[in-house]
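Asker: Handing you this structure, nothing more for now.
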Amino acid sequence: MNKQYILFDLDGTLIDSKIGILRCLEYALSHFGIQATPDQLDAFVGPPLYDTYIKMFHGSHDEALEFVRLYRERFASKGVMENSLFPGVEDFLAQLQARGKTLLLATSKPTVFARQILAHYGLDRYFALIGGSNMDNTRSHKNEVIEYVLETCGLQDRRGECVMIGDRRQDVIGARQTGLDCIAVRYGYAAPGELEEAGAHVFAEDFAALLALLP
288 MNKQYILFDL DGTLIDSKIG ILRCLEYALS HFGIQATPDQ LDAFVGPPLY DTYIKMFHGS
348 HDEALEFVRL YRERFASKGV MENSLFPGVE DFLAQLQARG KTLLLATSKP TVFARQILAH
408 YGLDRYFALI GGSNMDNTRS HKNEVIEYVL ETCGLQDRRG ECVMIGDRRQ DVIGARQTGL
468 DCIAVRYGYA APGELEEAGA HVFAEDFAAL LALLP
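So the numbering used here is basically just the index in the sequence shown, starting at one, shifted up by 287.
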């Protein structure tokens, strides 16, 4: 797969952030008296929080906004650092950069948090652009983030040179909606069969496999 521009998801693709996300979810849901099941909590990892809350608990617009506010309240103070790098990720990014690839981040996480996390681990230097959602809940869907990254980098007419790498159905669908190829990684947070059902057909088990796919 000869691609120059590599777009990455963040959670479950470059970093293992699940514990921090789950703690923030439990904090926010407790204010509504909700004790979510593990499967319900897992459903929040990846897609926009607002959408998932309404879909999962049939809450109102105002409730969903308050849920997101509470989640971010804890995330900003604690959750943003409750994560770790997947082993080998920095060497992986360095090898791609050495091959002359342009690395771009396309995450549904707010840009401000994504920047903070990458800077904390010293990974921000590998990325030409860090693109995420806005704090006002706009640009929260993956296709919107991808389109923002493409437009900002002037790549609207070079989609064939781009590939999206992610671990959830939103990454696969978002790539398809924006006309990009996609590599789905199997080491992230997807449920069994999720990536296949979303239409993924190129998979990578680990960073070594990704490097083999991106010569």
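In this text, a Cβ means the ideal position worked out from N, Cα and C, and glycines have one as well.
Which whole runs of the beta strand (DSSP E) in the segment 380-408 are 3 residues long or more, in chain order?
Answerer: 389-397
Asker: Return the chain-ordered list of same chain residues with a C-beta closer than 8 angstroms to the C-beta of Gly346, the five sequence neighbours on each side being excluded.
Answerer: Within the same chain, Gly346 has close Cβ partners Phe319, Tyr340 and Phe354.
Asker: Please give the ranges of any alpha helix (DSSP H) in the segment 291-358, keeping only runs that are unbroken, at least 4 residues long and fully inside the region.
Answerer: 305-317, 325-330 and 336-344
Asker: Report the rounded CA-to-CA distance for Asp423 versus Tyr358, giving the unit in angstroms.
Answerer: 14 angstroms
Asker: So for Leu410, helix, strand or coil by DSSP?
Answerer: coil
Asker: Going by the DSSP bridge assignment, what does Ser364 pair with across the sheet?
Answerer: Answer is none; Ser364 lacks a bridge partner.
Asker: Give the secondary structure of Val472 by DSSP, where H, G and I count as helix, E and B as strand, and everything else as coil.
Answerer: strand
Asker: Do you know how far the Cα of Ala351 is from the Cα of Lys342?
Answerer: 10 angstroms
Asker: Exposed or buried, which one is Met451 when buried takes at least 16 other CB atoms within 10 Å?
Answerer: buried
Asker: Could you pull out every unbroken alpha helix (DSSP H) segment of at least 4 residues lying fully inside the segment 414-500, listed in chain order?
Answerer: 429-439, 456-464, 481-484 and 494-500
Asker: Pro335 to Val432, Cα distance in whole Å?
Answerer: 12 angstroms
Asker: So Lys305 and Val332 are in contact, right, with Cβ under 8 angstroms, and what is the actual spacing, rounded?
Answerer: 6 angstroms
Asker: Nearest by alpha-carbon distance to Leu328: which of Leu390, Arg473, Asn421 and Ala478 is it?
Answerer: Ala478
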